[in-house]
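Plus 5 on top of the position in the sequence shown (first one is 1) and you've got our numbering.
Where is the CB? At the ideal position from N, CA and C, for every residue including glycine.
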Amino acid sequence: MTRCDEFYKKWERAGNFCGKHPRTAERIEAYLDQILEIEEAAKEYALCKGDETNAPIVAPDLTEGACRPLIREPNDDVRHEAIRQIVTSGKDKVTSGEVETILKAAREIKKQRKEERRAEKETKRAELAESTRGLPLPEMVDLRQGDFREMLEDIPDNSIDLIFTDPPYDADSIPLYGDLAKIAARVLKPGGSLLAYCGQYALPEILTSMGQHLRYWWLAGIKHQNNYSSLAGKKLYVCWKPLVWFVKDTNGSDEFVMDMFDSKTPDKSLHDWGQSGEEAAYYIEKLCLPGGTILDPFAGSGTTLCVATSLGIRSVGVELDERSVNLIRGRLNGITA
6 MTRCDEFYKK
16 WERAGNFCGK
26 HPRTAERIEA
36 YLDQILEIEE
46 AAKEYALCKG
56 DETNAPIVAP
66 DLTEGACRPL
76 IREPNDDVRH
86 EAIRQIVTSG
96 KDKVTSGEVE
106 TILKAAREIK
116 KQRKEERRAE
126 KETKRAELAE
136 STRGLPLPEM
146 VDLRQGDFRE
156 MLEDIPDNSI
166 DLIFTDPPYD
176 ADSIPLYGDL
186 AKIAARVLKP
196 GGSLLAYCGQ
206 YALPEILTSM
216 GQHLRYWWLA
226 GIKHQNNYSS
236 LAGKKLYVCW
246 KPLVWFVKDT
256 NGSDEFVMDM
266 FDSKTPDKSL
276 HDWGQSGEEA
286 AYYIEKLCLP
296 GGTILDPFAG
306 SGTTLCVATS
316 LGIRSVGVEL
326 DERSVNLIRG
336 RLNGITA
């Protein structure tokens with residue numbers, strides 16, 4: 006018996022067939038994606054039940070004999086008939102009550118385990134935040150708690166070299182990008198840059214609102230490392246995240262920068278929205294001159310502040326959540342989860 010994932014590898018190597026018969030290839034690939042998802046769910050279900058070895062094989066028709074015509078058979082009629090039989094049988098399996106029961110049970114178990122992990126993580130964060138409350142900050146860091154629209158009023162005009170930040174992505178928070186750009190237009194030095202993470206879905210609105218205050222410069226991409234998310238509504242896999250780049254008048258840096266950065270998997274132990282420090286370090290080094298100052302109005306877990314400190318650059322951070330502020334204090338003192 007050939008497991009579905011083994012068959013999938015063989016199918017991926019069948020380049021000649023896929024090239025000559027793209028429509029048929031799309032059909033069988035769509036079916037295989039369904040079967041792979043179901044088999045993973047079945048395996049998870051069996052594992053949660055404590056019997057992974059007996060995970061049901063939901064595609065028993067994927068035998069070596071069924072694979073061979075798809076990959077090696079030169080006769081189109083034979084190949085098409087084999088595909089038709091596999092797809093038909095597969096659809097029956099996908100819609101069967103047995104498979105649906107497995108999927109539902111697996112989803113419930115995964116949901117329960119996710120909630121348990123979430124509760125455990127929140128407890129650890131709360132305990133760590135309490136233990137780091139009031140810790141001193143490095144001399145080069147100015148960390149403030151509150152709404153950035155109120156906490157930055159005393160920052161002098163034309164005093165910030167670079168803003169590198171990660172605002173919330175939800176729809177209700179989209180207006181914050183316009184507010185951010187408005188403040189940036191005041192505090193950035195001429196030639197200074199503002200780089201902000203954002204969600205692809207909101208790019209038109211974000212670019213329009215920010216463009217009322219600053220000059221659009223470019224759109225960079227942060228490539229996800231070894232993982233991606235799926236958006237069923239858009240029918241796509243998300244393999245990167247945008248980094249919008251605006252400037253005050255012009256880009257004052259003499260450095261050339263890459264507009265696509267291969268990131269590393271971020272540490273989410275302190276904050277659900279934590280980002281990797283790799284891209285922060287890259288763009289800070291390229292766009293902030295020695296002796297300059299970085300601003301992060303959405304400090305989150307403090308990645309930008311920690312990176313700036315490690316590079317010997319002054320930084321100002323604002324964070325609304327008190328617990329996150331305490332966690333940042335701990336992180337800047339070398340205390341992590």
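For residue j and residue i, believed in contact at Cβ under 8 Å, the rounded distance
| i | j | result |
| --- | --- | --- |
| M145 | S268 | The pair is not a contact, with the Cβ atoms about 25 Å apart (cut-off 8 Å). |
| Y182 | P172 | 6 Å |
| A285 | T309 | 5 Å |
| V249 | L212 | 7 Å |
| V252 | G197 | 7 Å |
| R149 | V323 | 5 Å |
| L337 | P143 | 6 Å |
| Q280 | Y202 | 7 Å |
| G216 | P247 | That belief does not hold up - the Cβ atoms of G216 and P247 are roughly 15 Å apart, past 8 Å. |
Coil, strand or helix - residue i by DSSP
| i | result |
| --- | --- |
| G226 | strand |
| L157 | coil |
| P247 | strand |
| D166 | strand |
| Y242 | strand |
| T68 | Reliability fails at T68, whose pLDDT of 48 lies under 50, so the model's placement of it is uncertain and the value that follows must be treated cautiously. It is coil, neither helix nor strand. |
| G183 | helix |
| E260 | coil |
| D171 | coil |
| I340 | coil |
Limits of the unbroken beta strand (DSSP E) element including residue i
| i | result |
| --- | --- |
| S235 | 234-236 |
Beta-bridge pairing of residue i - partner residues as DSSP gives them
| i | result |
| --- | --- |
| V252 | S198, R220 |
Only counting runs of 3 or more residues, tell me where the beta strand (DSSP E) segments fall wholly within the stretch 265-337, in order along the chain.
265-267, 298-301, 319-324
Task: Length at least 3, wholly inside the stretch 99-155: the beta strand (DSSP E) runs in chain order - done: Those beta strand (DSSP E) runs which fall completely within the stretch 99-155 and span 3+ residues are 146-150.
3-residue-minimum beta strand (DSSP E) runs that sit fully inside the stretch 187-227, ordered along the chain:
193-202
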